[in-house]
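Keeping their order, the protein sequence lines are chains W and X.
Those letters in the first sequence? Residues 1 to 549, per the working numbering, in order.
Those letters in the second sequence? Residues 550 to 822, per the working numbering, in order.
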Amino acid sequence: MADFKIENLSFEYPATGKKALDNVNLSIKQGEYIVVCGKSGSGKTTLLRHLKSVLTPHGNVGGEILLDGRPLKEVSLREQSSKIGYVMQNPDNQIVTDKVWHELAFGLESLGCDKRTMRLRVAEMASYFGIQSWFHSDVSSLSGGQKQLLNLASIMAMQPTVIILDEPTSQLDPIAAMDFLSTVRKINLELGTTIIISEHRLEEVFPSADRVIIMENGRVAADESPRTIGNTLMKQNSDMLASLPSPMKIYYAVNSAQSCPLTVREGRSWLSNELDSVKQNQLPLENEYEEPISPAIELKEVWFRYDKSSPDVLKGACLKIEKNTLHAILGGNGMGKSTMLKTICNIEKPYRGDVFIEGKKLSKYKTSELFKGCLAMLPQDPQSLFVKKTVEEDLLEMLDGKDASAIEKTAEICEVTHLLKSHPYDLSGGEQQRAALAKVLLCEPKYLLLDEPTKGIDSFFKLKLAQILKHLCENGVTVIMVSHDVEFCAMYADYISMFFDGSIITTNTPNRFFAQNSFYTTAANRMSRHIFENAVTNEDVIKLCKINK
Amino acid sequence: MNTAFDGYHPAVNIMFFAGAIAMGMFFTHPVFLCVSAAASALYYLLLTHKSGMGFLFGMLLTALCVSFINPFLNTTGDTVLFTYLNARPFTLEALLYGFATGGMFFSMLMWFASFNIIMTSEKFIFIFGALAPALSLMLTMILRLVPSFKRKARSIAAARKCIGKAPKGDTKKDALENSMSILSVLTSWALENAVITADSMKSRGYGSAKRSCFAQYKLKKQDITAIIIMLAATALIASGGAVGGVGYAAFLLLPSIIHVKEELTWLILKSRI
């Protein structure tokens, strides 16, 4: 059994004077699935880390945590190690060894488990998680999703009664994330393991959750079932409303008397019941997409492969990007979207075909010319942009003798002013993304390339990011972004291209693009497509609901 | 990769290679040298098929060069073949000695090449793990760290290029400065990662008990047979003379015989279908 009881827990990091946790009271029963959410910096990680003694940060602690009625501090390291599993954010750094089989056995080796038991447990876990086919692989050859699954499996091998997961999917693409979360769900249902998870992707975890705990400034702002949590948030007029799953957001915007839908399926039936007669089932369509005549950036039949003997990654990719627009490129994982951005940046050179920037061949540009006020790219891993000891120094590096006031302005736009003195590696994933964006913006590029800019950031900063990008587009910047974030692209992109099998399959305006897709589309569209013809964003659905009511 | 000898227990693998390499260095008898060179080349070819031909002939040439260079450096010997440069002798004895050195050089290289193919890092760590568990864990972690270090360095360099921070290529100073900042951030990256890895290790009970070792390999009947054969062959070698030569050949040809036997078994199995 593992019942957690948290009593009046307060915590203060040394020399900050601010309470990271403020009088937290919670009780968690065996077998519950608990989602902890809140803005970044609201104390989620700090709270979760207190549930395992070896991970508890140093600082002033008040209150108590009880595990099965015993103070957690008195539970031995050994017992805590096997009973309480902890999965962290970054899939890479948690892995200790170089082989999958060794990683699975690591915890058991540490506990000094005998050989027979170890063999059996490792075999069990490999089968349960479907790891058999890559059991002997090198860890470095795995994808991010596989790595995180391995982390979970190697913890499960120790047979914990509770698993704590701290934003486990923030570095994963949506499909891998869904896979991971459904495995977590399966563990909860089939083994009765308690799950305590902090997550940004509420769509995926709300349907499985028993309780949702909302953190705000180190306090528990709400602790309720997912179906009723919206009411409390509405009463508090909380910022958290913006991060609720689409069906819930639409539900609360429409003022319905029925109970709150959590999933797309429930949303569909809710919508059918809500609207008796439909007067208007579509919104005015946007103009048909036309290819720009003089594109800012153009890819002409670009072919690329990493090695002479390896398969083609880009197979005659053609793309025309209009000036001053936000052009989003969607597509599956590992298909070569990022590679396409790299060919535009001249990091990877195509073996056939050409890239044109403002009608001039990329190869005719000098490197200095290209990256000074022309192109800039935010890479998938924003961390690789930082080379200095503080964020401020990193931003200063970009100035090259220009006016230092630019830093303040950019820092403010990206909301990193309070982080300027911190070491870039101390920032959370979302904060790193913002600081990296600030650094890239200081290049003052005319063409901004973003590789998954919404990865790891919460819904609040997504809004902000959208504003920043819009502002840039209005001021003569052309933005190309590669993304998995369907909802974000639907809301804010001017044009969307679908990338598949090494080339661009189709390009269209968001409304037309998503209205014609049935799988690869927004939750709002999937929820409403049986009634409305082209409602793509939540706002579209809400608008149509209000018209028809 | 799954060749026959590869599937044997790592202890058998390492016993064989340690034996072959140690004896190859000690025995300078021409017959023994020939046996060693032939057996090592045969096994290397069996492992690599055609792709190893280039390396093999390259090494053979190098070995021949070594052999022919020796008489120029070493002039001792009675049988003078010819003289050059103010009557400096080129002797048959020195040439033959050169052949011996070259042959040993060649067979050592061939054994090491096969050793590299058979003894993967996993097996190495398994052997070490039994002797020194902490050291073997450290080795595993280093094996993981080095490639990830390389990858990170590459990704930082590429990321910096995209914001116009690549070395301009004009001056050495520029390039050096750029590499220095990458190196410094790599260090902090590695330290930062180490903290997380340490957390992950502690949270999985590292240090809470005496470590045990996951045994991926089990000593099977075939392994014991191979060990007995190797020991018997060693005993024959110790007895010396012609019998010793036969023993030596038996020892060195063991992996090749296992390999060929398995190939033949497959051939027969296939022909029955």
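All C-beta atoms in this analysis are idealised placements derived from N, C-alpha and C, irrespective of residue type, glycine included.
Closest in C-alpha terms to asparagine 23 (chain W), from the list W:Met248, W:Glu12, W:Ile531, W:Lys455, comes W:Glu12. The three-state secondary structure of arginine 219 (chain W), taken from DSSP, is strand. The alpha-carbon of lysine 360 (chain W) is positioned some 17 Å away from that of alanine 376 (chain W).
The beta carbons of leucine 26 (chain W) and serine 53 (chain W) sit no closer together than 7 Å. Counting the other Cβ atoms within 10 Å of the Cβ of glutamine 467 (chain W) gives fewer than 16, which makes it exposed. Fewer than three Cβ pairs drawn from the region 671-689 of chain X and the region 610-625 of chain X lie within less than 8 Å of each other, which leaves the two stretches out of contact. Not a single CB atom of chain W sits nearer than 7 Å to the CB of alanine 560 (chain X). Under a 10 Å Cβ-count criterion, glutamine 148 (chain W) is classified as buried, with 16 or more other Cβ atoms of the shown protein chains found around its own Cβ.
Within chain X, no residue has its beta carbon less than 8 Å from that of lysine 83 (chain W); the closest one is some 10 Å off. Assignment of valine 36 (chain W) by DSSP, reduced to helix, strand and coil, places it in the strand class.
Using a 10 angstroms sphere on the CB of leucine 395 (chain W), the tally of other CB atoms reaches 16 or more, which defines it as buried. For valine 387 (chain W), no alpha helix (DSSP H) run applies, since DSSP gives it neither H nor E.
Within chain X, the C-beta atoms nearer than 7 Å to that of glutamate 109 (chain W) come from Arg760, Ser761, Cys762, Phe763, in chain order. In the displayed model, histidine 327 (chain W) falls within a strand according to three-state DSSP. Using a C-beta cut-off of 8 Å, the region 328-338 of chain W makes no contact with the region 349-356 of chain W, since fewer than three inter-stretch Cβ pairs fall below that distance. DSSP, read as helix, strand or coil, puts arginine 700 (chain X) in helix. Note that the region 661-678 of chain X does not touch the region 808-820 of chain X; fewer than 3 beta-carbon pairs, one per stretch, sit closer than 8 Å. Taken in chain order, the members of the region 742-756 of chain X whose beta-carbon sits within less than 8 Å of a beta-carbon on chain W are Asn742, Ile745, Thr746, Asp748, Ser749, Met750, Lys751, Ser752, Arg753, Gly754, Tyr755, Gly756. Along the region 86-101 of chain W, the positions whose C-beta sits under 8 Å from a C-beta of chain X are Tyr86, Met88, Asn90, Asp92, Asn93, Gln94, Ile95, Val96, Thr97, Asp98, Lys99, Trp101, read in chain order.
With a threshold of 16 other beta carbon atoms within 10 Å, serine 528 (chain W) meets it and is buried. For asparagine 508 (chain W), DSSP records a beta bridge to W:Ile496.
Look at valine 695 (chain X): its C-beta is not under 7 Å from any C-beta on chain W. In the DSSP assignment, arginine 227 (chain W) falls within the alpha helix (DSSP H) that extends over 226-236.
The criterion of a C-beta distance shorter than 7 Å is not satisfied by serine 428 (chain W) and serine 42 (chain W). In the DSSP assignment, glutamate 393 (chain W) is bridged to no other residue. As for any beta strand (DSSP E) of minimum length 3 sitting wholly inside the region 14-97 of chain W, the runs are 19-28, 33-37, 60-67, 84-87, ordered along the chain. Distance between lysine 421 (chain W) and glutamate 392 (chain W), taken at the CA atoms: about 6 Å. Residue contact with chain X for proline 311 (chain W): absent (no Cβ-Cβ distance below 7 Å to any residue of chain X).
Not flagged as an interface residue toward chain X: valine 391 (chain W), since no C-beta distance is shorter than 7 Å. When secondary structure is reduced to three states using DSSP, isoleucine 806 (chain X) falls in the helix class. Taking the Cβ atoms as the reference, glutamine 30 (chain W) lies roughly 26 Å from glutamine 89 (chain W), outside the contact range of under 8 Å. Scanning the region 254-339 of chain W for uninterrupted alpha helix (DSSP H) segments of 4 residues or longer gives 264-274, listed from N- to C-terminal end. The region 273-288 of chain W makes no contact with the region 297-312 of chain W: fewer than 3 CB pairs, one atom from each, lie closer than 8 Å. Within chain W, the C-beta atoms nearer than 8 Å to that of methionine 690 (chain X) come from Val96, Thr97, Asp98, in chain order. Not a single CB atom of chain W sits nearer than 7 Å to the CB of serine 728 (chain X).
Alanine 523 (chain W): member of the alpha helix (DSSP H) spanning 523-528, first to last residue.
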